[in-house]
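One structure is given here, and the rest of the page talks about it.
Numbering (my numbering), first residue to last: 62 to 252.
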């Protein structure tokens with residue numbers, strides 16, 4: 062019996078030492094370091110150990126969900142200004158696609174309404190064109206029909222001005238036919 066306990070203690074010492082060494086290598090659990098399961102350290106974005114107290118809650122930052130949803134504001138905040146710059150290369154990531162769609166938006170100048178929100182849903186084909194026209198899924202309640210029509214026309218003309226989008230072959234294959242939902246928010250100060 063004492064042999065079994067001694068073996069368990071001897072096996073636990075290297076594990077505790079490795080975990081202490083891991084904390085020194087990567088003191089921030091989400092440090093965006095590339096890793097491999099063959100490395101002698103934890104893999105980003107998180108790891109859990111049976112020797113640590115408490116539940117295992119991974120610290121994973123999921124930037125995009127399975128459904129592609131995007132909010133585009135007419136006047137972006139200072140913090141989001143970089144997200145509204147048009148990429149200068151073929152679109153290779155979802156982030157590039159979202160930046161391209163944000164840079165295309167041009168809100169209506171006449172018949173505009175402060176605080177107006179409108180959502181549309183559509184899909185792209187592999188060549189960067191639309192599969193059918195964008196379908197209206199939401200509009201701010203109590204807005205006159207002509208204002209809704211003005212905003213939907215602005216959305217359609219903004220999208221058509223950017224088409225066809227130039228996807229890399231990898232993004233084109235992954236994105237073709239997947240629905241994209243965009244919520245447009247007119248947050249301008251209108252008189």
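We put the CB at the ideal spot given by N, CA and C, even for glycine.
Reduced DSSP category for residue i - H, G, I as helix; E, B as strand; rest coil
{"i": "residue 140", "result": "coil"}
{"i": "residue 241", "result": "strand"}
{"i": "residue 154", "result": "coil"}
{"i": "residue 164", "result": "helix"}
{"i": "residue 251", "result": "coil"}
{"i": "residue 233", "result": "helix"}
{"i": "residue 219", "result": "helix"}
{"i": "residue 226", "result": "coil"}
{"i": "residue 133", "result": "strand"}
{"i": "residue 214", "result": "helix"}
Rounded Cβ spacing between residue i and residue j (contact assumed at less than 8 Å)
{"i": "residue 196", "j": "residue 183", "result": "7 Å"}
{"i": "residue 148", "j": "residue 160", "result": "5 Å"}
{"i": "residue 200", "j": "residue 179", "result": "5 Å"}
{"i": "residue 243", "j": "residue 181", "result": "6 Å"}
{"i": "residue 153", "j": "residue 232", "result": "6 Å"}
{"i": "residue 252", "j": "residue 151", "result": "Actually they do not touch by this definition, with Cβ atoms about 41 Å apart."}
{"i": "residue 135", "j": "residue 248", "result": "6 Å"}
{"i": "residue 186", "j": "residue 208", "result": "Wrong, their Cβ atoms sit about 31 Å apart, outside the cutoff."}
{"i": "residue 216", "j": "residue 129", "result": "Their Cβ separation, rounded to whole angstroms, is 16 Å, which puts residue 216 and residue 129 out of contact at 8 Å."}
Exposure of residue i, with buried meaning 16 or more beta-carbon neighbours within 10 Å
{"i": "residue 211", "result": "buried"}
{"i": "residue 62", "result": "exposed"}
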